[in-house]
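Have a look at the structure below, then the notes.
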Ligand SMILES: Nc1ncnc2c1ncn2[C@@H]1O[C@H](COP(=O)(O)OP(=O)(O)OP(=O)(O)O)[C@@H](O)[C@H]1O
Ligand SMILES: [Mg+2]
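Protein chains in written order, with the working numbering: chain R, 176 to 416; chain V, 965 to 1255.
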């Protein structure tokens, strides 16, 4: 087997390394109160408001959709960027590298763990909404795509940021834009026009079934476009970190 | 096999004319030395001398501008998993997962290396952290963290250990514990490369030391030998039981007096004038190790 090299040119993935990082990340997230809170607060809000608030004329599952989109725009993105910047700042990432863990193995393990936790969150939204059958599948598919894009964006920020506070100062505005645009779009047409081109905006419209009069290609096109942009950003950050 | 060849095959570390600059600042100048298996080597120097930089070059975390650093005969820029698996290190930034427990930190690395978890438990006991295995790292003291990092470095039973200031800021008894562990590793045949500002530690622990001053290796050798080399006065101080202090030339001329005092059971203490490493360093550089 080819060994690890400091210049990052090693290619072979070792399952053992990925599983080890996945395990440590799952433990670490459970111990990280600030991050854990983000994963719990949105489903909790959705639960309370979905069953506790009744506004006449309000569309069905209004709060589940709203908080699900906020969740996917916020939790995976902040968790990923906080994680990477913290690992760099505390030099733990270097110790992993020196133990032979490659960057790709690390990202697969840590990202995979955050993906799992995010998906658990998505499933809990599905349960709160009482979705079943095709509705649930559609919901989970849209959430998964969104979570994936958020992880890539968070990863790109975390990789480029020098330390945790630098990462936070970039993460906060980015996640605010993506999480709140869908909500603001309800009050303002100009915002709505812009939100249409973001993945969170499209996912929200998709969940609410509010795509009347739009090309059916709009949703996959915007999602793919956003994913591609996020992937390019991530690839660029990966090369430069 | 030539003699030169045989000598090289037991050297874990070899440095040839290593140079390193950061911008215009020359941090390492023409550093050459070697460390053999079973040897404890101490790199001594004041803050900013370039100690950490040299450790980083050796472990492949930085590249040298000129010269060559070899580990197990492999250039430090081309170390593979094989070499990394044979070395352990404790850097100045320990790099421990603060929210995970001692046990979980070791488990992570044991899984990465594919070795049994029981090895981690055994090492926790060896560094006296057995009772704290379940403690999260952010609740440990500095010395405990340092010992945990040492346990992690020992997981693979490395043949080469790098320790960047393993005892700085530790109380003497904790430092002594670490020294004992290092001696055990030495007896096992491991080579140990440590950096320190503590010349007492170096004199007690190291087979060889190098004095680094502004990136230049100004002296190299066994600590006792270095001190004797700088014993310019070559005199003996003799304190008698009545409190008088005698100063004798160590060239035979004081032999009669010495003998007489000994015979009369008059000797309180005898000291030679050989300097300690700190004094040698002062003489060489005009400044102290702690300055
Ligand atoms: N990444 C870097 N970029 C620029 N200069 C650096 C860098 N790393 C170290 N230096 C400089 O190199 C010199 C040597 O630093 P080094 O950390 O090797 O010293 P040291 O002997 O380990 O000191 P200490 O005992 O304080 O740990 C210092 O003057 C430092 O400012
Ligand atoms: Mg240092």
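Each residue gets a CB set at the ideal place from its N, CA and C atoms; glycine is no exception.
As the structure is a prediction and not an experimental result, all values here were calculated from the model.
Option in the options with minimal Cα separation from residue i
i	options	result
residue 206(R)	981(V), 1064(V), 1058(V), 1052(V)	1064(V)
residue 328(R)	404(R), 226(R), 199(R)	404(R)
residue 1123(V)	1114(V), 1055(V), 1036(V)	1036(V)
residue 1046(V)	317(R), 274(R), 374(R), 359(R)	274(R)
residue 1178(V)	979(V), 1058(V), 988(V), 993(V)	993(V)
residue 296(R)	243(R), 225(R), 354(R), 201(R)	243(R)
residue 316(R)	294(R), 281(R), 304(R), 372(R)	294(R)
residue 197(R)	1081(V), 1075(V), 1244(V)	1075(V)
residue 1242(V)	1209(V), 1198(V), 1231(V), 1194(V)	1194(V)
residue 1010(V)	1186(V), 998(V), 991(V), 1027(V)	991(V)
residue 1113(V)	1056(V), 1156(V), 1151(V)	1056(V)
residue 264(R)	339(R), 368(R), 190(R)	339(R)
residue 1197(V)	1096(V), 1210(V), 976(V), 1214(V)	1214(V)
residue 1034(V)	1059(V), 1000(V), 1014(V), 1084(V)	1000(V)
7 Å CB neighbourhood of residue i in its chain, flanking five on each side removed
i	result
residue 342(R)	256, 257, 260, 332, 333, 336
residue 1099(V)	1065, 1066
residue 965(V)	Annotation note: pLDDT 44 at residue 965(V) (below 50); position unreliable, coordinate value reported separately. Once the five neighbours on either side are set aside, residue 965(V) has no close Cβ partner at all.
residue 1191(V)	1238, 1239, 1240, 1241, 1244
residue 1028(V)	982, 983, 984, 1021
residue 391(R)	none
Cβ of residue i within 8 Å of any chain R Cβ
i	result
residue 977(V)	no
residue 965(V)	The pLDDT assigned to residue 965(V) is 44, lower than 50, so where the model puts this residue is not dependable, and the model offers no usable value.
residue 1017(V)	no
residue 1085(V)	no
residue 982(V)	no
residue 1131(V)	no
residue 1221(V)	no
residue 1032(V)	no
residue 1194(V)	no
residue 1049(V)	yes
residue 1073(V)	yes
residue 1076(V)	yes
residue 1059(V)	yes
residue 1063(V)	yes
Distance cut-off 7 Å: residue i Cβ against heavy atoms of ligand 2
i	result
residue 1129(V)	yes
residue 375(R)	no
residue 364(R)	no
residue 1160(V)	no
residue 310(R)	no
residue 253(R)	no
residue 1056(V)	yes
Buried versus exposed, by CB contacts within 10 Å (16 or more), residue i
i	result
residue 1136(V)	exposed
residue 187(R)	exposed
residue 289(R)	buried
residue 351(R)	exposed
residue 401(R)	buried
residue 995(V)	buried
residue 344(R)	exposed
residue 1239(V)	buried
residue 236(R)	buried
residue 394(R)	buried
residue 419(R)	The requested residue 419(R) does not occur in the structure, where chain R is confined to residues 176 to 416.
residue 397(R)	buried
Cutoff 8 Å: residue i Cβ touching any chain V Cβ
i	result
residue 263(R)	no
residue 206(R)	yes
residue 270(R)	yes
residue 267(R)	yes
residue 275(R)	yes
residue 195(R)	yes
residue 259(R)	no
residue 191(R)	yes
residue 202(R)	yes
residue 371(R)	no
residue 199(R)	yes
Residue i beta carbon near ligand 1 (any heavy atom closer than 7 Å)
i	result
residue 1110(V)	no
residue 986(V)	yes
residue 1013(V)	yes
residue 1025(V)	no
residue 266(R)	no
residue 982(V)	no
residue 1177(V)	no
residue 1197(V)	no
Residues near residue i in its chain [Cβ-Cβ closer than 8 Å; skip 5 each side]
i	result
residue 1131(V)	1110, 1138, 1139, 1142, 1143, 1160, 1162, 1165
residue 193(R)	280, 283, 284, 287
Cut-off 6 Å between Cβ atoms - residues of its own chain near residue i, not counting five sequence neighbours on either side
i	result
residue 1180(V)	993
residue 1043(V)	1024
CB contact below 8 Å: residue i versus chain B
i	result
residue 1023(V)	Protein chains R and V are contained in the structure displayed, whereas chain B is not.
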